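Protein chains in written order, with my numbering: chain A, 79 to 305; chain B, 79 to 305. Cβ coordinates follow ideal geometry from the N, Cα and C atoms, glycine included. A quick note: this is a predicted structure, and the numbers were derived from the prediction, not measured. Right, one structure below, let's go through it.
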């Protein structure tokens with residue numbers, strides 16, 4: 079009976095085209111020594127806070143651009159611009175993810191000849207953004223303590239796509255039922271290479287680990303280019 | 079300070095292209111007198127059950143095609159094919175929604191010269207599918223009783239995009255805290271034109287209302303074409 083069913087693969091074509099655009103973007107920024115970092119998280123996990131803190135720590139040493147994709151708002155780009163970096167707001171108007179073509183439009187609006195690092199704040203969502211290669215050289219995700227340590231079980235793809243997992247709001251660990259060791263184990267089963275960095279954007283605890291990780295990524299990226 | 083922020087509208091271009099493709103698909107099926115119905119719901123709400131029951135009731139009178147977009151599975155298309163209709167499976171591999179181009183590929187695989195009605199089972203998700211015009215002449219959604227009567231508050235866009243709301247699993251009303259009047263009021267505030275049809279695919283209660291609604295849609299669509 080299954081002879082009557084025609085199967086059409088719609089995903090492959092779309093992803094193949096996106097992959098091509100992502101590879102082009104990655105290559106063009108690599109040639110310029112610019113690291114493109116894709117930052118993903120649920121709404122409210124602290125993406126903008128982390129970006130603002132990162133910019134304040136690194137902007138003296140690195141030239142940073144930020145591409146914001148927060149839904150129907152330009153508040154985030156304003157916050158970041160006040161921290162003294164180039165910022166572009168992609169108005170996605172309710173879209174659930176960014177693809178490489180959208181990120182490329184944001185990159186085009188930045189002066190990439192004078193940048194070391196571009197941080198893309200992806201749409202607040204743990205599902206759809208993980209499906210699409212943005213053209214970034216590395217992806218990071220933020221999980222905040224109030225969201226729970228079970229998220230690797232519910233959103234496994236996101237955890238496999240990231241190189242680093244920032245666990246934000248650790249100042250609230252005492253009032254939530256959140257076990258960092260359990261999280262590390264669950265995330266590690268999905269992605270043994272994942273770097274886990276607990277921190278609090280609010281108190282500053284652990285921020286140094288993130289800043290060092292990111293600065294080292296930029297250094298390695300530029301060394302690769304210069305090699 | 080906001081002078082430094084460049085705003086890029088990424089949504090409009092994508093939606094404009096999709097809208098164009100949707101309009102083309104709608105027009106081509108209208109010219110043939112084929113009604114394209116987009117069926118949306120959360121996973122488990124009963125999309126496939128409703129389609130199977132619909133096909134069993136209407137297939138003697140109407141020539142029906144079904145486009146299934148269930149994630150990573152061909153079980154649904156097999157079920158529907160057994161009910162004696164043309165079926166196409168779009169393998170979306172985790173995509174969160176269908177757009178008009180994807181639906182058009184499914185439509186192309188059907189013998190539209192010999193159909194009165196095509197039902198598209200959209201991806202199981204109450205958010206993203208509501209954003210994209212599929213090219214359908216009408217959209218319907220299913221909300222099942224166990225999901226709760228608060229869904230219009232959480233997913234308002236979906237309720238505004240549909241012409242009919244099927245409330246499935248009403249045989250379970252007595253064991254869930256679900257108030258049909260409250261649901262009608264909440265949905266009606268978002269969309270005063272919405273037709274609400276409570277039913278149970280399991281017991282058959284209320285199915286006749288849905289079948290009549292759909293048969294009348296097809297009749298009106300074909301009368302419009304012939305006029």
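Would you mind giving the Cβ-Cβ distance between residue i and residue j, rounded to the nearest angstrom? I have them listed as a contact below 8 Å.
i	j	result
residue 137(A)	residue 165(A)	Incorrect: roughly 12 Å between the Cβ atoms, too far for contact.
residue 309(B)	residue 113(B)	With chain B covering only 79 through 305, there is no way to say anything about residue 309(B).
residue 218(B)	residue 115(B)	6 Å
residue 249(B)	residue 283(B)	7 Å
residue 201(B)	residue 175(B)	6 Å
residue 275(A)	residue 236(A)	Contact doesn't hold; Cβ gap of about 16 Å is too wide.
residue 100(A)	residue 212(A)	7 Å
residue 190(A)	residue 289(A)	With 8 Å as the limit, residue 190(A) and residue 289(A) do not qualify as a contact, their Cβ atoms being about 22 Å apart.
residue 315(B)	residue 272(B)	Past the edges of chain B, shown from 79 to 305, lies residue 315(B), and the structure says nothing about it.
residue 128(A)	residue 253(A)	No, residue 128(A) and residue 253(A) are not in contact; Cβ-Cβ is about 21 Å, not under 8 Å.
Among the options, which residue has its Cα nearest to the Cα of residue i?
i	options	result
residue 103(B)	205(B), 177(B), 119(B)	177(B)
residue 207(B)	170(B), 228(B), 231(B)	170(B)
residue 228(A)	201(A), 239(A), 268(A)	268(A)
residue 123(B)	287(B), 305(B), 280(B), 302(B)	280(B)
residue 125(A)	247(A), 304(A), 254(A)	247(A)
residue 105(B)	226(B), 214(B), 262(B)	214(B)
residue 97(A)	258(A), 209(A), 254(A)	209(A)
residue 91(B)	173(A), 277(A), 297(A)	173(A)
residue 311(A)	180(A), 84(A), 87(A), 120(A)	The structure shown does not extend to residue 311(A), since chain A is modelled only from 79 through 305, so no value can be given for it.
residue 179(B)	301(A), 266(A), 261(A), 86(A)	86(A)
residue 83(B)	262(A), 130(A), 168(A)	168(A)
residue 157(A)	274(A), 253(A), 130(A)	130(A)
residue 192(A)	135(A), 107(A), 132(A), 264(A)	107(A)
residue 147(A)	163(A), 118(A), 128(A), 135(A)	118(A)
residue 238(B)	254(B), 226(B), 264(B)	264(B)
residue 302(B)	255(B), 111(B), 256(B), 222(B)	111(B)
residue 278(A)	255(A), 251(A), 262(A), 159(A)	251(A)
residue 255(B)	159(B), 226(B), 163(B)	226(B)
residue 305(B)	234(B), 109(B), 159(B), 95(B)	109(B)
residue 230(B)	261(B), 222(B), 216(B)	261(B)
* Asked: Are three or more beta carbon pairs between the region 172-189 of chain B and the region 279-293 of chain A nearer than 8 Å?
  -> The answer is no - the region 279-293 of chain A does not touch the region 172-189 of chain B, with fewer than three Cβ pairs under 8 Å.
* What residues in the region 165-182 of chain B bring their beta carbon closer than 7 Å to a beta carbon of chain A? -> Against chain A - using a Cβ distance shorter than 7 Å - the residues of the region 165-182 of chain B are 165, 166, 167, 168, 169, 170, 171, 172, 173, 174, 180.
* Asked: Which residues, taken in chain order from the region 237-271 of chain B, show a beta carbon closer than 8 Å to some beta carbon of chain A?
  -> Those residues of the region 237-271 of chain B that come within reach of chain A (Cβ to Cβ, closer than 8 Å) do not exist; the list is empty.
* Positions along the region 192-211 of chain B whose CB lies within less than 8 Å of some CB in chain A -> Answer set for the region 192-211 of chain B: 205, 206, 209.
* **Residues, ordered as in the chain, of the region 215-232 of chain A that lie near chain B by beta-carbon distance below 7 Å** => If the cut-off is 7 Å between Cβ atoms, the region 215-232 of chain A has nothing near chain B.
* Residues in the region 100-117 of chain B having any Cβ partner in chain A nearer than 7 Å -> When CB distances to chain A are screened at a threshold of 7 Å, not a single residue of the region 100-117 of chain B falls below it.
* Inter-stretch contact (C-beta, 8 Å, three-pair minimum) for the region 130-145 of chain A and the region 238-254 of chain A -> With a cut-off of 8 Å, the region 238-254 of chain A and the region 130-145 of chain A do not count as touching, because too few Cβ pairs lie within range.
* To do: Taking only beta carbons into account, state which residues of the region 81-100 of chain A come closer than 7 Å to chain B, listed in chain order.
  => Those residues of the region 81-100 of chain A that come within reach of chain B (Cβ to Cβ, closer than 7 Å) are 82, 83, 84, 85, 86, 87, 88, 89.
* **Complete runs of the beta strand (DSSP E) confined to the region 141-218 of chain A [at least 3 residues]** => Within the region 141-218 of chain A, the complete beta strand (DSSP E) runs of at least 3 residues are 142-146, 164-169, 195-199.
* Against chain B: residues of the region 281-298 of chain A by CB proximity under 7 Å -> Against chain B - using a Cβ distance shorter than 7 Å - the region 281-298 of chain A contributes no residues.
* Ranges of the alpha helix (DSSP H) found wholly within the region 220-264 of chain A, counting only runs of at least 4 -> Within the region 220-264 of chain A, the alpha helix (DSSP H) runs of at least 4 residues that lie entirely inside it are, in chain order, 229-232, 234-239.
* To do: Please list the segments of the beta strand (DSSP E) lying wholly inside the region 267-292 of chain A, counting only runs of 3 or more residues, in order along the chain.
  => Segments of the beta strand (DSSP E) lying fully in the region 267-292 of chain A: 273-276.
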